[in-house]
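Protein chains: 2
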Amino acid sequence: MDRRVAKTLALLEQAHLSLVVENGYDAVTVEDICARANVGRSTFYAHFTGKDDLHRRGVEALRHELKVHGAAASGDGDTPGLAFSLPMFEHARGHLDLYRALTGSRAGVVAMESIRQVLCEAVRAELSSVAATGSATAPPRELLVQHVVGAYLGILTWWLDAGAQIPPREMDAMFRRLMGEGLPPT
Amino acid sequence: MDRRVAKTLALLEQAHLSLVVENGYDAVTVEDICARANVGRSTFYAHFTGKDDLHRRGVEALRHELKVHGAAASGDGDTPGLAFSLPMFEHARGHLDLYRALTGSRAGVVAMESIRQVLCEAVRAELSSVAATGSATAPPRELLVQHVVGAYLGILTWWLDAGAQIPPREMDAMFRRLMGEGLPPT
DNA sequence: AGGATTTGGGACACACTGTTCGTTATCTTA
DNA sequence: TAAGATAACGAACAGTGTGTCCCAAATCCT
């Protein structure tokens, strides 16, 4: 790839990210991004169709990273369908700044939905290979997927917002127990 | 309240809602809303500071409705902390059009986060009155709250996106079982 | 070194925002 | 029902951001 292009793209993505973190997605304009990146506005439009396009590509990169990161660790663990848990906790803690910046903002929602999709795919794949049989009263498998991922993202978001104080292993253990045994008895 | 004001507000909120459903939140402009509502743009700004303000008030109304709706039904049910489940399923099905329009769009995210907050408050209140004791390895109560609400919103969203075909009572039963006993054994 | 590509920056038309102001229509209340 | 208060209207305005175009200058690849 042309060095100029690579440099321009890197500068733009970097400027975009920092501005979103500072001011929130909606408040950031193309002009702002170009100003911070020291890139001409016409150059911006030579690479992206608009602000959304730039953001979408960032999310795609995150999505890809999650996928390769999760694929390597799938298969371990005892409870079926929950192999993603520990690696994800650790990955999130590793990128704590990024995750916390995304949590809450509108831009973050897009990213979180992307993460949700990746996790759903992972759980779906694990679950389909294990629980093929379903009795009459058993919930649809897709409901299980949404249940697991919903609960997981709930505690993950809370954990990150609180600063990820609890160690990932403990979070993983609690999540697995809740999923395997249900809510603790009163 | 002055009849003229009441009429104007009703028209604007109605126009806003229908336009958001049709085109998505971001694509709707103040001009669009005024055009459909047959209201002068200056009149709009006499009542709202902008598009976000109008939307925020709509969400507040929803939030209030959920609160009074849920408070009436809290207390029944066997599993602690899950009293909100059945009423919420039924309420959502009653407003299926609205919920489905919100699901996925950026505007919907704001509304869903509001719903999440209301549910969290409900679960928190129920749970605090029941499980006061915590052993050393027990998860923090707030983690339980996020776990429950996350899982619930996961299956609720899925259910609504699929057209709410399954009866609310069945959804409620499956959710309660998953929460009480954990994932079904393989 | 030279041809190809990218960048920068100005200019342009366009759309939406948020405000102001004078006129007209409508409501409340006495 | 009459009068004063209040709200709606519509037009105009400045400001901001968007997306596109062009051409000259800088930079790259071979």
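These protein sequences, in sequence, are chains U and Z. Per our numbering, the very first residue in the first sequence carries number 91; after that it's consecutive. Per our numbering, the very first residue in the second sequence carries number 91; after that it's consecutive. For each residue, glycine too, the CB sits at the ideal point set by N, CA and C. What you are looking at is a predicted structure, and each value in this text was computed from that prediction instead of being measured.
A Cβ-Cβ contact shorter than 8 angstroms links L209 of chain U with F174 of chain U. Taking a 10 Å sphere around the C-beta of A105 of chain Z, we find 16 or more other C-beta atoms and assign the residue as buried. One Cα belongs to L176 of chain U, the other to A212 of chain U, and the distance between them is close to 13 angstroms. Contact with chain U is found for H237 of chain Z, since one of that chain's Cβ atoms lies less than 8 angstroms from the residue's Cβ.
Proximity to S108 of chain Z across Z:E155, Z:P257 and Z:G148 peaks at Z:G148, based on C-alpha coordinates. A distance of 8 angstroms or more separates the beta carbons of T119 of chain Z and R266 of chain Z. Listed along chain U, the residues sitting closer than 8 angstroms to M264 of chain Z by beta-carbon distance are P229 and L233.
Close to L243 of chain U, with beta-carbon spacing below 7 angstroms, are these residues of chain Z in chain order: G240. Nearest to Y242 of chain Z by C-alpha distance, out of U:L246, U:Q236 and U:T247, is U:Q236. Each of U:V200, U:R231 and U:A127 was checked against the Cα of A215 of chain U, and the nearest Cα belongs to U:R231. For G160 of chain U, the nearest beta carbon of chain Z is not closer than 8 angstroms to its own beta carbon. Taking all protein chains in view, the Cβ of A182 of chain U is crowded by 16 or more other Cβ atoms within 10 Å, so the residue is classified as buried.
A Cβ-Cβ distance of about 3 angstroms is found for the pair L192 of chain U and G198 of chain U, placing them in contact under the 8 angstroms criterion. The Cβ neighbour count for G171 of chain U, taken over all protein chains shown within 10 Å, is at least 16; the residue is labelled buried. Here L250 of chain Z is not near I205 of chain Z, since their CB atoms are 8 angstroms or more apart. Taken through DSSP and simplified to helix, strand or coil, L176 of chain U comes out as helix.
Chain-order list of chain U residues neighbouring G272 of chain Z: M269, G270, E271 and G272, by C-beta distance under 7 angstroms. Under the criterion of beta carbons closer than 8 angstroms, L233 of chain Z and G270 of chain U do not qualify as touching, at roughly 16 angstroms. In this structure, the beta-carbon distance from G240 of chain U to G244 of chain Z falls below 8 angstroms.
Residues of the segment 198-214 of chain Z whose Cβ lies closer than 7 angstroms to any Cβ of chain U, in chain order: V199. Collapsing the DSSP output to three states places F265 of chain Z in a helix. Nearest neighbour of Q255 of chain Z by Cα position, chosen from Z:F179, Z:A228, Z:L268 and Z:E203, turns out to be Z:F179. In this structure, L101 of chain Z and N128 of chain Z form a Cβ contact; the two beta carbons are roughly 7 angstroms apart against a cut-off of 8 angstroms.
Per DSSP, reduced to three states, the secondary structure at N113 of chain U is helical.
Of the candidates Z:L246, Z:D116 and Z:R94, the residue whose Cα lies closest to the Cα of A136 of chain Z is Z:R94. At least 8 angstroms separates the beta-carbon of H145 of chain Z from that of V111 of chain Z. F134 of chain U and C124 of chain U have their C-alpha atoms roughly 7 angstroms apart. Shown here, M202 of chain U sits in a helix according to DSSP, grouped into three states. According to the DSSP assignment, L192 of chain Z belongs to the alpha helix (DSSP H) that extends over L186 to L192.
In the three-state DSSP reduction, D143 of chain Z falls in the helix class (H, G or I).
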